[in-house]
Amino acid sequence: MIKSLLSYTKENVGEFVKYNIFSKNKTTKIYVICYLIFMIVIASVGVITAIVTQMLWFIFATVISVLLIAGAAGILMFAVNKYTKEIYDINSKNGYDAIEITASSIVLKKNEVAKAIADWTAVASADFNSDKAYIVTHDGYLFIISSKDIKEGS
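Residue numbering for the sequence shown follows the numbering used here, starting at 5 and increasing by one per position.
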């Protein structure tokens, strides 16, 4: 049996959301990077052309490109904050402070008292990112376990 404390903060949830949006989903990450590179190239060409030719249309194109880059960054930040808040608000109500994992079940604890028992089938996914494990259940709960807090039990 593995015993662990649940390390559940907004920062940890934010890391989980960023990991799911950017690191886990390679397609999204590639599209975002390509879009930003494309906009930076357009902005750079616009600035150089505007300086050389002093044409107002290129200055206008540069301003539009910079606004598109800022807009994309703003949308990404909004999405990360929105999902972080939603997941944190839903999950912070559970009040669990520890978790025990056995071969056949997950036991959630509050003040050393077993609060709920979930079979392994209730686990939708388990992801490992840096030194944390993220366990997501089918009913929408996210449990974040830090590797330094894991203790082997008997």
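Backbone N, C-alpha and C define an ideal beta-carbon position, used for all residues, glycine too. Computed from a predicted model, the values in this text were never measured in an experiment.
When DSSP labels each residue in this structure, what does residue i get in the three-state scheme?
i	result
T13	coil
T93	The displayed chain sequence assigns Asp, not Thr, to residue 93. The answer is helix: DSSP assigns D93 an H, G or I state.
From the DSSP output, which residues share a beta bridge with residue i?
i	result
K136	N133, S150
S48	Per DSSP, none; premise fails for S48.
E8	Note that residue 8 corresponds to Ser in the displayed sequence, not to Glu. DSSP, once it has assigned bridges, lists I103, I154 as partnering S8.
Between residue i and the rest of its own chain, which residues show a CB-CB distance below 8 Å, the 5 nearest in sequence each way excluded?
i	result
T32	I25, F26
M59	T53
K152	D135
Grab me the residues of residue i's own chain with a C-beta within less than 6 Å of its C-beta, minus the 5 sequence neighbours each way, in chain order.
i	result
K155	K7
I63	A54
S129	V140
7 Å is my cut-off, CB to CB: does residue i come that close to chain B?
i	result
V67	Structure shown: chain B not included; a single protein chain is present.
What residues in its chain sit with their C-beta under 7 Å from that of residue i, if we drop five residues either side in the sequence?
i	result
S2	This structure leaves residue 2 out entirely; the chain is present only between 5 and 158.
Y100	L10, L112, K113, K114, K119
Quick one: any contact between the region 83 to 95 and the region 16 to 25, if contact means 3 or more CB pairs under 8 Å? The region 83 to 95 and the region 16 to 25 touch, with no fewer than 3 CB-CB distances between them shorter than 8 Å.
Count Cβ pairs between the region 61 to 73 and the region 34 to 46 that sit closer than 8 Å; are there 3 or more? As far as the Cβ criterion goes, the region 61 to 73 touches the region 34 to 46, which means the pair count is three or higher.
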